[in-house]
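Inspection log for the structure reproduced underneath, given as structure tokens.
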């Protein structure tokens, strides 16, 4: 068995690919998902399927209701934008921004990593397609890594030197899909939609679906995940 | 009404004093507590009492079950040490250490602060009595503040410049109690015990009770909170 690593796993295309890369790099995976008031449980079902396919050692889902604070289309009752042009998506910070999301996710990943003896944390952030999210940028990740090494018993006592891995950060969606495909990721198990149906069908029209479908088209592949007709 | 500030509020002596200082500094308070698998609900009851006395604008309690990861006497079924000498407490990192606790707490405070339009976050950490906790040290707090200003829409777009306030960091317990008393904090409402009874009575023997009782003694005051006889 390889060195333990924590994987932030949403059940989407990016985190599934990130997990396959971590596994290729020889890690035994400790997957972490959040039940953070998602609109649909179907997203957690996707995470469970992907975890099983990756053969993770352990998969923990932490209930975390970010709706308590409000403030995002992904957690509150704000409409998810549909059928936007790429130029509109690229403008500023998306409405789907969740306040301090990756800071919260990484801090819980750090707790899980310390308990699991894992120095490595994998997160599938991307600064190409999601350039609008401040907490997907390399300078944010570098600052978190620095914080992590000051924050814990294991780092301060020298047992673990934490590293935050972002293997997708500079890849286009098409490059992510090609890499994942070569590593055997079954994208039919994954869901990326911001507005999934209860039955787990993607809408095909939100920013995330549009980016995903464009990525498959550019990669010359067909998305095996089911969409609402 | 003053500028909004987020207050991390446990219901203990330190966070109650920290809140009184934030209020004296003119802030309107947004209190944040965690229901993180505490052994006793009595701790949350204390937080609610203190929030009411402080006259906070809003008090959010986020369910956050850190027991999912295991690894601490405060969250798992490990015995809380009793009647230890100060010299024993000072050795290394306490068994009551919770992995990445303040990183997790501050990251959720950051989310709450962004949503509330609060640039200021108050946390009652102390590097004197709790020198063993890595995430109570000034260098940790400075690293978190740096991270916060890279992490959010509000900071990146220039609306909020986050500051993490730690007004107790260099005070002894006796100094904290004197300052809180002069600000009108009713310490009878607060609980600091690691092993509170269901009825909200402190044990008087855990590290936290011993530090608290020593603080009151050194301040020449009597602790008004109830103890198990």
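Protein chains in written order, with the working numbering: chain A, 1 to 229; chain B, 230 to 458. Cβ atoms here follow ideal geometry from the backbone N, Cα and C, with glycine treated the same way.
Does the Cβ of residue i have 16 or more other Cβ atoms within 10 Å, making it buried, or fewer, making it exposed?
| i | result |
| --- | --- |
| residue 198(A) | exposed |
| residue 63(A) | exposed |
| residue 85(A) | exposed |
| residue 451(B) | exposed |
| residue 51(A) | buried |
| residue 270(B) | exposed |
| residue 431(B) | buried |
| residue 145(A) | buried |
| residue 316(B) | exposed |
| residue 24(A) | exposed |
| residue 79(A) | exposed |
| residue 458(B) | exposed |
| residue 302(B) | Its pLDDT being 49, under 50, residue 302(B) is placed unreliably by the model, and nothing is read from it. |
| residue 448(B) | buried |
Let me see if you follow: with CB-CB separation under 8 Å, is residue i close to chain B or not?
| i | result |
| --- | --- |
| residue 144(A) | yes |
| residue 36(A) | no |
| residue 238(A) | With chain A covering only 1 through 229, there is no way to say anything about residue 238(A). |
| residue 10(A) | no |
| residue 47(A) | no |
| residue 22(A) | no |
| residue 54(A) | no |
| residue 134(A) | yes |
| residue 111(A) | yes |
| residue 156(A) | yes |
| residue 60(A) | yes |
| residue 160(A) | no |
| residue 7(A) | no |
| residue 29(A) | no |
Of all the CB atoms in chain A, is at least one closer than 8 Å to the CB of residue i?
| i | result |
| --- | --- |
| residue 368(B) | yes |
| residue 452(B) | no |
| residue 336(B) | yes |
| residue 295(B) | yes |
| residue 310(B) | no |
| residue 381(B) | yes |
| residue 298(B) | yes |
| residue 271(B) | no |
| residue 280(B) | no |
| residue 170(B) | Here chain B has residues from 230 to 458 only, and residue 170(B) is not among them. |
| residue 328(B) | yes |
| residue 343(B) | yes |
| residue 376(B) | yes |
Per the DSSP calculation, residue i is bridged to which residue(s)?
| i | result |
| --- | --- |
| residue 34(A) | 62(A) |
| residue 234(B) | 258(B) and 349(B) |
| residue 163(A) | 120(A) |
| residue 341(B) | The partner list for residue 341(B) (beta bridge, DSSP) is empty, contrary to what the question assumes. |
| residue 203(A) | Paired residues: none, contrary to the question. |
| residue 82(A) | 206(A) |
| residue 456(B) | 431(B) |
Compare the beta carbon distance of residue i and residue j with 8 Å and say whether it is the shorter of the two.
| i | j | result |
| --- | --- | --- |
| residue 327(B) | residue 356(B) | no |
| residue 147(A) | residue 381(B) | no |
| residue 340(B) | residue 350(B) | no |
| residue 150(A) | residue 363(B) | yes |
| residue 274(B) | residue 429(B) | yes |
| residue 353(B) | residue 422(B) | no |
| residue 405(B) | residue 243(B) | yes |
| residue 233(B) | residue 347(B) | yes |
| residue 43(A) | residue 191(A) | yes |
| residue 396(B) | residue 250(B) | yes |
| residue 69(A) | residue 289(B) | yes |
| residue 89(A) | residue 195(A) | no |
| residue 444(B) | residue 403(B) | yes |
| residue 48(A) | residue 185(A) | no |
| residue 334(B) | residue 263(B) | yes |
| residue 83(A) | residue 36(A) | no |
| residue 329(B) | residue 116(A) | no |
| residue 171(A) | residue 53(A) | no |
Review point. Does the segment 173–181 of chain A come close enough to the segment 384–397 of chain B to have 3 or more Cβ pairs within less than 8 Å?
Key: no
Touch test, the segment 253–264 of chain B against the segment 233–243 of chain B, Cβ-Cβ under 8 Å, three pairs minimum: yes
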